[in-house]
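Colleague: In the UniProt record's numbering, the protein residues as written are 1 to 899.
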Amino acid sequence: MCAPFTPILSLLPGKSGRDHTGMWLPTWLHALDTAGVVKRLLLHWLPQSVREGLSQELGEDGAVSFAVLLALLHDIGKMTPLFVSRIAGSLPEIIDRLSSAGLEVPDIKSFRDSAKSPHALAGAAILSDAGFPEVAVQVVFAHHGQTMTENESDTFDIITELYKQHYFDYKNGNEKIWRAIHSEWIRFSLDYAGYSCQDELPKNVDIKTQVILSGLVVMADWIASNTEYFPLIFTDETGSLSMCEQRACDGWDRIRLPYPWSSASFVMDSSDFEERFGFLPNAVQSAVLSAVCESASPGIMILEAQMGVGKTEAALAAAEVFSARFAEGGIFFGLPTQATANGIFPRLLEWARLQSEDCRHAIRLAHGMSEMNEDYRSLFKGDSRTQEDSDSGLVVHSWFKGRKQALLSNFVIGTVDQLLLCSLKQRHLMLRHIGIAGKVVVVDECHAYDAFMNQYLECAISWLGAYGVPVILLSATLPPARRRALVSAYLGDGAQSLYDGWESTEAYPLLTWTDGKCVKSRAIEQNTASRTVKITGMTDDDIASFLFCRLECGGCAGIIVNTVSRAQKIGSMLKEALPDYRVMIVHSHFLMTDRAEWEKKLLSELGKSSSFESRNRLIVVGTQVLEQSLDIDFDIMITDLCPMDLLLQRIGRLHRHPWRKRPEPLNASECGVLYAGETETESGASTIYGEWLLKRTRSILPPHIKLPEDIAPLVHKAYSEPEDKNDSDYSLYLQTIKDKEVRAKNFRIKKPSSGDSLIGWLATSQEGDERHMEASVRDGDMSVEVLIMVDYGNGYLGFVAGGEPISASCTPDEETARRIAQQRLRLPYIFTYKSGEVIKALEETTSVNLYAWQESAWLRGELVLLIGADGFASLAGYRLHYDSNKGLTYRKEDDYAEN
Numbered sequence: 001m002c003a004p005f006t007p008i009l010s011l012l013p014g015k016s017g018r019d020h021t022g023m024w025l026p027t028w029l030h031a032l033d034t035a036g037v038v039k040r041l042l043l044h045w046l047p048q049s050v051r052e053g054l055s056q057e058l059g060e061d062g063a064v065s066f067a068v069l070l071a072l073l074h075d076i077g078k079m080t081p082l083f084v085s086r087i088a089g090s091l092p093e094i095i096d097r098l099s100s101a102g103l104e105v106p107d108i109k110s111f112r113d114s115a116k117s118p119h120a121l122a123g124a125a126i127l128s129d130a131g132f133p134e135v136a137v138q139v140v141f142a143h144h145g146q147t148m149t150e151n152e153s154d155t156f157d158i159i160t161e162l163y164k165q166h167y168f169d170y171k172n173g174n175e176k177i178w179r180a181i182h183s184e185w186i187r188f189s190l191d192y193a194g195y196s197c198q199d200e201l202p203k204n205v206d207i208k209t210q211v212i213l214s215g216l217v218v219m220a221d222w223i224a225s226n227t228e229y230f231p232l233i234f235t236d237e238t239g240s241l242s243m244c245e246q247r248a249c250d251g252w253d254r255i256r257l258p259y260p261w262s263s264a265s266f267v268m269d270s271s272d273f274e275e276r277f278g279f280l281p282n283a284v285q286s287a288v289l290s291a292v293c294e295s296a297s298p299g300i301m302i303l304e305a306q307m308g309v310g311k312t313e314a315a316l317a318a319a320e321v322f323s324a325r326f327a328e329g330g331i332f333f334g335l336p337t338q339a340t341a342n343g344i345f346p347r348l349l350e351w352a353r354l355q356s357e358d359c360r361h362a363i364r365l366a367h368g369m370s371e372m373n374e375d376y377r378s379l380f381k382g383d384s385r386t387q388e389d390s391d392s393g394l395v396v397h398s399w400f401k402g403r404k405q406a407l408l409s410n411f412v413i414g415t416v417d418q419l420l421l422c423s424l425k426q427r428h429l430m431l432r433h434i435g436i437a438g439k440v441v442v443v444d445e446c447h448a449y450d451a452f453m454n455q456y457l458e459c460a461i462s463w464l465g466a467y468g469v470p471v472i473l474l475s476a477t478l479p480p481a482r483r484r485a486l487v488s489a490y491l492g493d494g495a496q497s498l499y500d501g502w503e504s505t506e507a508y509p510l511l512t513w514t515d516g517k518c519v520k521s522r523a524i525e526q527n528t529a530s531r532t533v534k535i536t537g538m539t540d541d542d543i544a545s546f547l548f549c550r551l552e553c554g555g556c557a558g559i560i561v562n563t564v565s566r567a568q569k570i571g572s573m574l575k576e577a578l579p580d581y582r583v584m585i586v587h588s589h590f591l592m593t594d595r596a597e598w599e600k601k602l603l604s605e606l607g608k609s610s611s612f613e614s615r616n617r618l619i620v621v622g623t624q625v626l627e628q629s630l631d632i633d634f635d636i637m638i639t640d641l642c643p644m645d646l647l648l649q650r651i652g653r654l655h656r657h658p659w660r661k662r663p664e665p666l667n668a669s670e671c672g673v674l675y676a677g678e679t680e681t682e683s684g685a686s687t688i689y690g691e692w693l694l695k696r697t698r699s700i701l702p703p704h705i706k707l708p709e710d711i712a713p714l715v716h717k718a719y720s721e722p723e724d725k726n727d728s729d730y731s732l733y734l735q736t737i738k739d740k741e742v743r744a745k746n747f748r749i750k751k752p753s754s755g756d757s758l759i760g761w762l763a764t765s766q767e768g769d770e771r772h773m774e775a776s777v778r779d780g781d782m783s784v785e786v787l788i789m790v791d792y793g794n795g796y797l798g799f800v801a802g803g804e805p806i807s808a809s810c811t812p813d814e815e816t817a818r819r820i821a822q823q824r825l826r827l828p829y830i831f832t833y834k835s836g837e838v839i840k841a842l843e844e845t846t847s848v849n850l851y852a853w854q855e856s857a858w859l860r861g862e863l864v865l866l867i868g869a870d871g872f873a874s875l876a877g878y879r880l881h882y883d884s885n886k887g888l889t890y891r892k893e894d895d896y897a898e899n
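(1) Have a look at the DSSP bridge pairing and note the partners of G798.
(2) Whose CA, out of E458, V140, K171, lies closest to the CA of E741?
(3) Since D640 sits in a beta bridge, which residues does DSSP pair it with?
(4) Pairs of beta-carbons, one from the region 74–94 and one from the region 120–140, closer than 8 Å: are there three or more?
(5) Over what stretch of residues does the beta strand (DSSP E) that includes G438 continue unbroken?
(6) DSSP on Y878, reduced to helix/strand/coil?
(7) Three or more C-beta pairs closer than 8 Å, one from the region 782–795 and one from the region 820–838: is that the case here?
(8) Counting pairs of beta carbons, one from the region 40–54 and one from the region 242–262, are three or more of them closer than 8 Å?
(9) What does DSSP give as the partner residues of K706 in its beta bridges?
(10) Who are V864's beta bridge partners in DSSP?
(11) Please report the distance separating the alpha-carbon of V139 from that of A523.
(12) Going by Cα to Cα distance, which pick from R360, G334, R353, L348 is closest to H367?
(13) Could you check where the alpha helix (DSSP H) with T209 kicks off and where it finishes?
(14) Quick one: measure Cβ to Cβ for L591 and I302, integer angstroms, because I've assumed they're closer than 8 Å.
(15) Name the residue from L511, D33, G53, G871 whose alpha carbon lies nearest to the alpha carbon of I434.
(16) Figure out for me which residue from Y508, L379, F234, G501 has the closest Cα to the Cα of L707.
(17) Can you tell me whether S384 is buried or exposed? The criterion is at least 16 other CB atoms within 10 Å of its CB, across all chains shown.
(18) Relative to the C-alpha of L865, which residue among F799, P812, R662, C810 is closest?
(19) With distances taken from CA atoms, which of G803, L797, D894 is nearest G868?
(20) What's the C-alpha gap between R891 and N282?
(21) Kindly list the residues whose CB is nearer than 7 Å to the CB of L108, restricted to its own chain and excluding five residues on each side of it in sequence; keep chain order.
(22) Can you name, in chain order, every residue of its own chain whose Cβ lies under 6 Å from the Cβ of M23, other than the five neighbours on each side?
(23) By alpha-carbon positions, which one of L474, S475, T514 ends up nearest to V487?
(24) Excluding the 5 residues preceding and the 5 following D504 in the sequence, name in chain order all residues of the same chain whose CB lies nearer than 8 Å to its CB.
(25) Please report how far the alpha carbon of K15 lies from the alpha carbon of L91, in whole angstroms.
(26) Does the pairing of the region 284–297 with the region 306–321 give three or more beta-carbon distances under 8 Å?
(27) In its own chain, which residues sit with a C-beta less than 6 Å from the C-beta of A676, not counting the 5 before and 5 after it?
(28) Sort R276, Y456, G468 by Cα distance to Q418 and report the nearest one.
(29) Measure the CB-CB distance between T34 and P13 and report whether it falls below 8 Å.
(30) Determine contact between the region 847–854 and the region 609–621, defined as no fewer than three beta-carbon pairs at a distance below 8 Å.
(31) Expressed to the nearest angstrom, what Euclidean distance is found between the alpha-carbon atoms of A193 and L626?
(32) For F230 and I363, I'd like the C-alpha separation in whole angstroms.
(33) For W659, which three-state DSSP category applies?
(34) Please state the DSSP three-state secondary structure of R891.
(35) Just curious, the beta strand (DSSP E) that P13 is in, first and last residue?
(36) Verify whether the separation of the beta carbon atoms of P133 and L25 is less than 8 Å.
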């Protein structure tokens, strides 16, 4: 059966083939393709929890009907004289047939300010003119990922009236024809979606439902626009209504999106836990499972417990139960850094495989360098659309690989930035929301974020609360104000507490969770023995003698300092002072390949399976990279002074494995704390953490810390208000927090509120590549990334680690290009102050010497820093040096000249 439309409507073009290939798609057919996809997304891909949320707002059948209607109408703005004239040049046969049917298409040059009427705006104008409710107008406007601004909304009627010619061609006497076309398509769409008239359409729709509907339409439009799934037809065809259902079925079969995760663990007892993880749950894990199983509704759960107690397993077990009980279709597991995400990925990959033994699920490692991860790359095989894991139904789906699709897979493991980006004003943000809305969200080490990142985190949590997403936050400990802020963000207005004192309790370990609007709290009693850590104050001059004395009978030591330069300085000093010891220096200014090597070496020589021989006489000097998620154990430790919660986190690497036999002098736990002087603080630490927190920590740091009993009281005391609230350092501390919060709010979406609409939701939105976007949610983290290669001076380059020379004038093959892309590091922060000069110099090097490398997808747009065979390079007035043992160092050129 041919399309049941008037000849003109049936011939209105929506898409054309490239290079005048004689292929096209009428607008009505693409609209029906999109409607077929949106219906299948709702019924087969969207988690049940999200479908239920839509049904609560729109009715059980109303959600599908309204989504289908929006999909049908999303491109009505293409049914305009302006759009048809734009596409006319590539479809002369169709234009001739339109002329024969009685519609003359005007020349594109006859339209004034044609750029003022993109088809998304035109569609919104047509629906508004036809009397559609605001929600439909705004979703159609937003189907290309950008919502209407407040200014656009205020001037909408004026603009649409001013450019009426674009929609109706009234100057050529065709207004009646175009209005008839719009009315015909609107009537058909209403009928097809199951509505008898516009009055039946929902009008007052809450903001979270608007966002999800918008995300569905965007996602369906993208899929239906992909000619691999929905092919174009020949220009001598018009298409028929009877082919639409088959096209939708075929397209859906081709893309093969995975079904939602469906956990069967409605409860999890000790035997279930043991079967899943290989050991019985401890007191902390049992308390988490008990709270999850007794909750009547999804909520936020905050677990504060000491390092090494098994919080990851507790969170995964809770996620399984949450998924089963509240019909969540996936999990997001967020960590502070790419290194910690990479470190935990193998564990979560094995867990995800167990969840996918009987069903296909998609997994995604989500951060800027994910495709450099070998464990993740090992999944890239098989079908081009779905790289399948042969041992289970786990897949890496190609359609979910894009930056904007980062949260659409069932199981997403990545940096916490991926969650924080749900709060950043950016185009197509609705795709992130539709991905996160049906998941259990776990955020590890949530104490590790500053006031700037916390603004984005709290905003994201407020949206998760609105969506009814179960949230699990893991931390060593939190200041009371942070615990209160996180719970309040999730619950919004009207929180009630059944447990007085949950905000300020010093119980530890502590579990705080919500059930409905009620806040609950439980102190967890553990059977594990406590231990006492001796705190020894010292200066840099004492380090060598302290270690020489303590390590006389063997053992290993860890030193965690606050800056890269201090790690390099102290590491170099110890190599000279203690030549019989192995000294490793670890920090963030190593090449990705070198960093992967030392991470592997650390886990081998200091991890759970390490031996006395591998650990003996090993000293590791590192920065904050040693604080987080690496399961390593030191016999003795030294740390720079830092805020109390982070100091305790660092001490968590001391005697982390309680079963280990240690040399006699090291059986008692001891941690040295480095002070700059009697009252001074080290300048680098002050820049990072602020004077007040450092001085406060030093003033209350006891000579002995009892773990875990002292953790909560010490952290609470460190962050409590001082008696002298006019203290200048404290005032500066508060002002710094306030400044960070203000900066974050400039590009942060609003928290959900009743009466909100999509208007203004993404005003002043951000754009950029993945690494730029991640930097947007980290204050001041706009450092320059480079690839470091050795310049042999003969037109060939090499790797720092050696190997075959590579031609600078030829495009590298796939594997070589990937290896080059791994020679990556972030330049020290000092170079951000000269970022313009730095980038210009590096771009000139790349464009002149490495133009052929731009043909490689791995290397396109990358900045390359060329160093000599001696490891040296000059950049922006600095002399840089790289070696694989110390990392990147730098000094001003003038300093070298003087020496």
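Glycine included, each C-beta is placed from N, C-alpha and C at the ideal position.
Remember, it's a predicted structure, so these values are computed and weren't measured experimentally.
Modeller: So, from the data block:
(1) V790
(2) E458
(3) L674
(4) yes
(5) Taken as a continuous stretch (DSSP letters only), G438 belongs to no beta strand (DSSP E), as it is neither H nor E.
(6) strand
(7) yes
(8) yes
(9) T532
(10) L787
(11) 47 Å
(12) G334
(13) 207–224
(14) Actually they do not touch by this definition, with Cβ atoms about 37 Å apart.
(15) G53
(16) Y508
(17) For S384, the pLDDT reaches just 42, beneath the cut-off of 50, and the residue's location in the model is therefore unreliable, leaving the point undetermined.
(18) F799
(19) L797
(20) 51 Å
(21) The sequence given here places Ile at residue 108; Leu does not occur at that position. S85, R86, S114, listed in sequence order.
(22) G17, L232
(23) T514
(24) For the record, residue 504 in the displayed sequence is Ser; it is not Asp. P480, H716.
(25) 9 Å
(26) yes
(27) E682
(28) Y456
(29) no
(30) no
(31) 57 Å
(32) 25 Å
(33) coil
(34) strand
(35) 13–16
(36) no
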